[in-house]
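First the structure, in the form of structure tokens, and then the observations on it.
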Ligand SMILES: [Cu+2]
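Residue numbers (the numbering used here): 53 to 180.
What follows is the structure in structure tokens.
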């Protein structure tokens, strides 16, 4: 009986150790160009910064959008790349969105907030 009890204790300890030492899964590396753009507000002006993105045609692009503007929800979009459209809240723990696209068209494209015409915009430059 003591042997079974001892074996059970050893097994439980081994399982607890294995659970504790299991490293969290690392996020998959992104094979493309990554940006982080923060929405700030200066004297009433809302600005995604950086607001200019330069990439090469064919690249996969990931932009992490973080909204810190006290005025609330803002949005993001790049002309010609509709998958970039995102609405981003400013609440603690819920102020981040990630948009991804493949820069398959060369040229200069407007970056803007589709819900506020006065939101300072930017540009996406896709190089050939
Ligand atoms: Cu806005």
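We put the beta carbon where it would ideally sit given N, CA and C, even for glycine.
Would you say residue i and residue j are within 8 Å of each other, going by their C-beta atoms?
i: residue 118; j: residue 148; result: yes
i: residue 125; j: residue 155; result: no
i: residue 104; j: residue 174; result: yes
i: residue 120; j: residue 91; result: yes
i: residue 157; j: residue 132; result: yes
i: residue 137; j: residue 102; result: no
Exposed or buried, what is residue i when buried is set at 16 or more other beta-carbons lying within 10 Å of its beta-carbon?
i: residue 129; result: buried
i: residue 160; result: exposed
i: residue 99; result: buried
Beta strand (DSSP E) containing residue i: first to last residue?
i: residue 108; result: 104–108
i: residue 128; result: 126–130
Worksheet item: Who's in the neighbourhood of ligand 1, going by beta-carbon under 7 Å from any heavy atom, listed in chain order?
Response: 98, 126, 127, 165, 167, 168 and 171
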